[in-house]
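Trainee: Sending over a structure as structure tokens; questions will come in a sec.
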Amino acid sequence: MDRRNFLTGTGIACIMAMSRTNRAFAQPTRKEIFIGGRKVTVVDIHAHCLFQEVAPIIQNTSMADADLGNNLVLGPHRIEALNKRGIDIAALSVNRFWWYAANPQQARDIVRINDEGLAEWCALYPDRFVALSSPALQFPSLAAEQLDYAVNELGHRGACIGGHARGEVPSSTKYDPFWAKAEQLGVPVFMHPDGSKNIIQPNVLDGTGGLGNVIGNPLETTLFLSRMIFDGTLDRFPSLKVCAAHGG
Numbered sequence: 060m061d062r063r064n065f066l067t068g069t070g071i072a073c074i075m076a077m078s079r080t081n082r083a084f085a086q087p088t089r090k091e092i093f094i095g096g097r098k099v100t101v102v103d104i105h106a107h108c109l110f111q112e113v114a115p116i117i118q119n120t121s122m123a124d125a126d127l128g129n130n131l132v133l134g135p136h137r138i139e140a141l142n143k144r145g146i147d148i149a150a151l152s153v154n155r156f157w158w159y160a161a162n163p164q165q166a167r168d169i170v171r172i173n174d175e176g177l178a179e180w181c182a183l184y185p186d187r188f189v190a191l192s193s194p195a196l197q198f199p200s201l202a203a204e205q206l207d208y209a210v211n212e213l214g215h216r217g218a219c220i221g222g223h224a225r226g227e228v229p230s231s232t233k234y235d236p237f238w239a240k241a242e243q244l245g246v247p248v249f250m251h252p253d254g255s256k257n258i259i260q261p262n263v264l265d266g267t268g269g270l271g272n273v274i275g276n277p278l279e280t281t282l283f284l285s286r287m288i289f290d291g292t293l294d295r296f297p298s299l300k301v302c303a304a305h306g307g
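Rendered as structure tokens:
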């Protein structure tokens, strides 16, 4: 199988894994999606959220300016949004990855709050939401430990990572403990970029046009997937399941 087919196939496998046993409950206001006359199950693997409970941990640290605004806090409006868009199941993940700047103890505390918060929310609506852990990738062995806990103890369906950790694409052997754990568990890893901040000089994509999203995100995704191929990560872990956001 060539690289293109491999990456396409694993992306599809990720989505199917997210919805493998879920049946969404019927609601009168819920939009239904049909393809070829048949109703299909729609899974959104790209569903952001956050937990403001991490705020005390990052107060008076370099992470204090992290965006913890209300727009991504989970609440009943998320169910309404799913119904309006015809989405049956959303795979929730915490993104932006500002905790990649954390020290080991901070990283443990932040990721645990996020992962346990996700587990609690998904337990309330098990037919509508599943969770992806967002481990502290800057510490690969810790990230492996966090992913194991999230999957085996909390019931998470996979992991979500950034396209780089402190400017470094996670494709070298340094990150093998994390990739080995993901392969061992058989869960997908969803990569979400952050505007190519590891590639492009500061402020270059600022201003009108949303260039950080239009140009920066696909570029970061392209670099991530390229490094995963050419640095041999996909050869070292041939059963790895990777799904990357924002094209590339």
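Under our numbering, the first residue of the sequence shown is numbered 60, with each subsequent residue one higher. Where is the CB? At the ideal position from N, CA and C, for every residue including glycine.
Counting only runs of 3+ residues fully inside the stretch 156–192, write out the beta strand (DSSP E) ranges in chain order.
Mentor: Counting only runs of 3 or more, we get 188–192.
Trainee: Just the Cα atoms here: how many angstroms apart are Asn276 and Asp253?
Mentor: So the alpha carbons of these two residues sit roughly 6 Å apart.
Trainee: So what's Ala195 in DSSP terms, helix, strand or just coil?
Mentor: Ala195: coil per DSSP, three-state reduction.
Trainee: Over the uninterrupted alpha helix (DSSP H) stretch that includes Lys143, give me the two end residues.
Mentor: Its alpha helix (DSSP H) spans residues Pro135 to Arg144.
Trainee: DSSP three-state call for Asp309: helix, strand or coil?
Mentor: Nothing about residue 309 can be reported from this structure: the residues present for the chain run from 60 to 307 only.
Trainee: If you draw a straight line from the C-alpha of Arg295 to the C-alpha of His136, how long is it?
Mentor: Rounded to the nearest angstrom, the two C-alpha atoms are 42 Å apart.
Trainee: Going by C-alpha distance, which of Phe237, Tyr208 and Tyr184 is nearest Leu196?
Mentor: Checking every option, the nearest Cα to that of Leu196 belongs to Phe237.
Trainee: Determine the DSSP secondary structure at Phe283, reduced to helix, strand or coil.
Mentor: Of the three classes helix, strand and coil, the one that applies to Phe283 here is helix, per DSSP.
Trainee: With burial defined as no fewer than 16 other Cβ atoms inside 10 Å of the residue's Cβ, what is the status of Phe289: buried or exposed?
Mentor: Per the 10 Å Cβ criterion, exposed.
Trainee: Using a Cβ-Cβ cut-off of 7 Å (strictly less than) and excluding sequence neighbours within five positions of Asn129, which residues of its own chain qualify?
Mentor: Here the set comprises nothing.
Trainee: Measuring straight from C-alpha to C-alpha, what distance separates Val99 and Asp168?
Mentor: Rounded to the nearest angstrom, the two C-alpha atoms are 39 Å apart.
Trainee: Touch check for the stretch 112–126 and the stretch 149–165: three-plus C-beta pairs under 8 Å?
Mentor: In short, these stretches touch, since the Cβ pair count reaches three.
Trainee: Looking only at C-alpha atoms, which of Pro261, Leu109 and His105 sits nearest to Trp180?
Mentor: For Trp180, the nearest C-alpha among the options comes from Leu109.
Trainee: With a CB to CB cut of under 6 Å and the five nearest residues on each side skipped, what residues in its chain are close to Val113?
Mentor: Closer than 6 Å at Cβ, skipping near neighbours: Ile169 and Ile172.
Trainee: Please report the Cβ distance between Leu206 and Ala241, rounded to the nearest whole angstrom; I am assuming they are in contact, meaning their Cβ atoms lie under 8 Å.
Mentor: The Cβ separation is near 6 Å, so the contact holds.
Trainee: Taking C-alpha atoms, which residue in Leu201, Leu133, Val153 and Leu141 lies nearest to Gln165?
Mentor: The residue with the shortest Cα to Cα distance from Gln165 is Leu201.
Trainee: Where do the ends of the beta strand (DSSP E) carrying Ile220 lie?
Mentor: Its beta strand (DSSP E) spans residues Gly217 to Gly221.
Trainee: Asp103 and Ala140: beta carbons closer than 7 Å?
Mentor: No, the Cβ-Cβ distance between Asp103 and Ala140 is not below 7 Å.
Trainee: Enumerate in chain order the residues of its own chain whose CB-to-CB distance from Val101 is below 7 Å, with the five nearest sequence positions on each side excluded.
Mentor: For Val101, where only same-chain residues beyond five positions count, the Cβ hits under 7 Å are Ile92, Gly145, Ile146 and Asp147.
Trainee: Buried or exposed for Val132, please, with buried defined as at least 16 other CB atoms from any protein chain shown within 10 angstroms of its CB.
Mentor: Exposed, since its Cβ has fewer than 16 Cβ neighbours within 10 Å.
Trainee: How should Leu278 be labelled, buried or exposed, when 16 other C-beta atoms within 10 angstroms of its C-beta is the threshold for buried?
Mentor: Buried: at least 16 other Cβ atoms inside 10 Å.
Trainee: So, Val248 versus Val301, is the Cβ gap smaller than 7 Å?
Mentor: Contact flag set, yes.
Trainee: Here's a check: name, in chain order, each residue in its chain whose Cβ is nearer than 6 Å to the Cβ of Asn272, leaving out the five neighbours to either side.
Mentor: Around Asn272: no qualifying Cβ.
Trainee: Nearest CA to the CA of Asn257: which residue from Ala106, Ile138, Leu151 and Phe156?
Mentor: Of the candidates Ala106, Ile138, Leu151 and Phe156, the one whose C-alpha sits nearest the C-alpha of Asn257 is Phe156.
Trainee: Who are the near neighbours of Gly306 in its chain, counting only those whose CB is closer than 7 Å to its CB and skipping five residues on each side?
Mentor: Closer than 7 Å at Cβ, skipping near neighbours: Pro277 and Thr280.
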